[in-house]
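Residue numbers (my numbering), protein chains in the order written: chain A, 1 to 372; chain B, 373 to 868. Cβ atoms here follow ideal geometry from the backbone N, Cα and C, with glycine treated the same way. All of these numbers come straight from a predicted model, not from anything done at the bench. Here the structure comes first, spelled out in structure tokens, and everything after it is commentary.
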């Protein structure tokens, strides 16, 4: 094993290639700080901040602890599921079955509770069910190598169907009062829901996993090129499998949250939530083609959609408009980068044409090669 | 017939082409040579209508043209054959040729019979037997190129551009391609031929245009110029020996492969590689060399046999175990296998090391950047910044990044598949020197190469493969072009 020498301090000099050829002058790229401040996810964060400021000034009753409370309570399911979804989309895959897993969990929770099981046992079994559902997805996608889009469209229907089988058209509502009260309680006068502590912990977990671990590095590499990832010893199948398991587990948590927050276990809970999650993730700057995206950007994306919806609702705008706005935002977030690139290209081309029309022989921005 | 003068093209701050100038006459084969990054590919993409030049004069038969798309360029009679053709694998050969303009029958529906008839006629004209109704999937790269040429002819192409068509071809296939090219020339087609192989350029072409650093340097008649002069113009300086191989002490056995077989791919492969030794796997394309290397490294499975590193058996089908045992693999296809193209130079260099900068489970960013910088500097990777995507680098620099990535793991054995494919002369000798010095430091090297001079110049031992078997094992002293080619082709001959 080569662990003994750190690569940066290997004493033997590596053969240095012929150095008679000078380096081309460095193209003026953006420096580290500028790159971060103008990145796609930073822009989402700016838009979020700008919108919050606007809303706080322009919309009466927006800037209040009540707003904070309801807004966060509303976005928590999306926020939760968006975390593993970000990692999955970064690898170039997708999971459409998340809302159905949440619904299945909710249905299971109602039936088990109605059957008289201890509430903590019920919660544990629900979480296991979510993990099991995730393993099923993971097995089909990672082990058998089936396309995730097809598999999770299938399990989207399958898990929702199972939810209906489990609980039928019934609803279970008599969950323990202290528990349901806890799920809507706030941290003092801030208006921040107590459960946010847990949500933040999950966010930090996924953020660290994606940005600061070798596993996370591997996900970006996989998102760009599975074959190249394979050549550097990344176990593509295993990574994918665990991502779907994580997605199943977090979806189950979202299902549990949903049930307790609305004090209602039904088979159609959280239906359609997968679209809200994917919309928020893409708005947060994650590339649907894989390989790009950050957790802070996604959090901003989720909060942006959430607060926009909330503000519109405060302004008594109907749900139809809300859905339309969400759809437009999603399309805009996917289209915006291409428009940005086109504009940059056009401006650059114009500049270059001008510099060439002045017809200086070396007016190219690149130093002429030293050896002529 | 076609003339491009002073064409310029920039991408962001990078000037890809400052003065693209070339003139192709009807009925000539015109070579375009230059180092990687000299702007050849950009020039080709302008001809193809893929890029619109920022400035410059582009004329076809004297008329100025401004292509906005590939379709316009094709319609004007320019066809480009790329190194790796992009056929639709599920469609038949004939369907590929007539894609988008299928001959229609009386019922306004596609007439398959007519399509097949026209395709057969095209292949007849080219003198190449390919069945038009077979699927394109599974065709060799050589055959795929022929299909692209057939497509070009069916479009009445007046100018045919071939971008490194021979890079992936074996000797016989190259000859067949040349025969087709000469036949087309004699019928008045103008051909632009881009290659890094001088023997081919001098064998085939009538005139040679040299480019360097995005600029036109000179055009010569092939008969009036020497290889040395062209090389000088390309690099702007004299280069030393093309294939330096320093003497190295040969040590203990690092890799031992014993009776490795995979049904239908390779059979009973046994060899070893010792520390400080360069062993070359020679043979024709398709002889199973890359497949053996992939199986050794654990990318592909094998049916029987054993691989061991320094006496310890290596787990099959497990690249992680191979890397842990001290193996590195520089694959043949940089873009798809060697690099994650959109990731930064730094991230690519440290991808193999991602488990080494970990403190308490987290990556230490400072250490990571320092290591990336260190290794790119040692290998003289020419990049604007460590943070730029590797896709913005030239082929030679990309190969250096791949090498840096593996050298950083401090490997015992490096498998290098086609170390200089698609790399220009100047960088080529840099890469050769690098490999030779690595061997000098005691790293065992298994090199797969289709370039005979490279094999003969670099290797201490040459293993020749043919049709999935090792047919000869030659020491440096015994290896010469004849013995290697004999073992690579030998009695059963080459199948087309």
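Counterpart residues of residue 845(B) in DSSP-defined beta bridges: Partner(s): 835(B).
8 Å Cβ cutoff, residue 376(B) in contact with chain A: no
Residues from the stretch 226-256 of chain A in contact with chain B, defined by Cβ distance under 9 Å: 227, 228, 229, 230, 231, 232, 233, 234 and 235
Min CB distance residue 84(A) to chain B below 8 Å: no
Segment contact flag, the stretch 755-770 of chain B with the stretch 507-520 of chain B, C-beta cutoff 8 Å, min 3 pairs: no
Burial state of residue 25(A), where buried means 16 or more other Cβ atoms lie within 10 Å: Confidence at residue 25(A) is low in this model, with a pLDDT of 34, below 50, so the placement of that residue is unreliable and no value is reported for it.
Any 3 or more C-beta pairs closer than 8 Å across the stretch 281-297 of chain A and the stretch 220-235 of chain A: The stretch 281-297 of chain A, when compared against the stretch 220-235 of chain A, does touch it at the 8 Å Cβ threshold.
Length at least 3, wholly inside the stretch 535-575 of chain B: the beta strand (DSSP E) runs in chain order: 562-566
8 Å Cβ cutoff, residue 92(A) in contact with chain B: With 8 Å as the cut-off, residue 92(A) does not count as an interface residue toward chain B.
Distance, residue 302(A) Cα to residue 311(A) Cα: 14 Å
Cβ-based neighbour list, residue 112(A), same chain, cut-off 7 Å, excluding 5 preceding and 5 following: These residues qualify, in order along the chain: 122 and 125.
The stretch 195-212 of chain A in contact with the stretch 96-103 of chain A per 3-pair CB rule at 8 Å: no
Residue 713(B), enclosing alpha helix (DSSP H) - first and last residue: Counting along the chain, residue 713(B) falls outside any alpha helix (DSSP H), and DSSP gives it neither H nor E.
Rounded separation between residue 534(B) and residue 552(B) - CA only: 12 Å
For residue 136(A), three-class secondary structure by DSSP: helix
CB contact below 8 Å: residue 769(B) versus chain A: no
Short CB-CB distance (under 8 Å) between residue 208(A) and chain B: yes
Element boundaries [beta strand (DSSP E), containing residue 381(B)]: It spans 374-383 - the beta strand (DSSP E) in which residue 381(B) sits, taken as one unbroken run.
Any non-hydrogen atom of the ligand FAD closer than 7 Å to residue 154(A) Cβ: For the structure depicted, the ligand FAD is absent and the ligand set is empty, with no information on it obtainable.
Which of helix, strand or coil DSSP assigns to residue 30(A): With a pLDDT of only 48 at residue 30(A), under the threshold of 50, the placement of this residue in the model should not be trusted, and no figure is reported.
Spatial neighbours of residue 662(B) in its chain, beta-carbon cut-off 7 Å, leaving aside the 5 residues before and after: 704, 789 and 820
Residue 387(B) (DSSP reduced to helix, strand or coil): strand
Cross-chain neighbours of residue 724(B) in chain A, by beta carbon under 8 Å: 232 and 233
Contact under 8 Å by Cβ, residue 263(A) with residue 180(A): Taking a C-beta distance under 8 Å as the contact criterion, residue 263(A) and residue 180(A) qualify as a contact pair.
Rounded Cβ spacing between residue 816(B) and residue 784(B) (contact assumed at less than 8 Å): 6 Å
Enclosing alpha helix (DSSP H) for residue 414(B) [first to last residue]: In the DSSP annotation of this structure, the continuous segment of the alpha helix (DSSP H) that includes residue 414(B) starts and ends at 412-419.
From 297(A), 309(A), 165(A) and 322(A), residue whose alpha carbon lies closest to that of residue 38(A): 297(A)
Coarse secondary structure for residue 729(B), derived from DSSP in three states: coil
Cβ-Cβ distance between residue 455(B) and residue 403(B) below 8 Å: no
Buried or exposed by the 16-neighbour rule on C-beta atoms within 10 Å, applied to residue 824(B): buried
Completely contained beta strand (DSSP E) runs for the stretch 624-663 of chain B, where each covers 3 or more residues: Runs of the beta strand (DSSP E) inside the stretch 624-663 of chain B: 625-634, 638-646 and 650-655.
Residue 46(A), buried or exposed, once every other Cβ within 10 Å from all chains shown has been counted against 16: exposed
Unbroken beta strand (DSSP E) run spanning residue 451(B), endpoints: Counting along the chain, the beta strand (DSSP E) containing residue 451(B) begins and ends at 450-453.
Three-way DSSP call (helix, strand, coil) for residue 581(B) in this model: strand
Reduced DSSP secondary structure (H/G/I, E/B, other) of residue 22(A): Legend: pLDDT at residue 22(A) = 35, less than 50; position of this residue unreliable, value from coordinates given subsequently. Looking at residue 22(A) - three-state DSSP - the assignment turns out to be coil, as it is neither helix nor strand.
Option nearest residue 472(B) by Cα separation, candidates 487(B), 479(B) and 478(B): 487(B)
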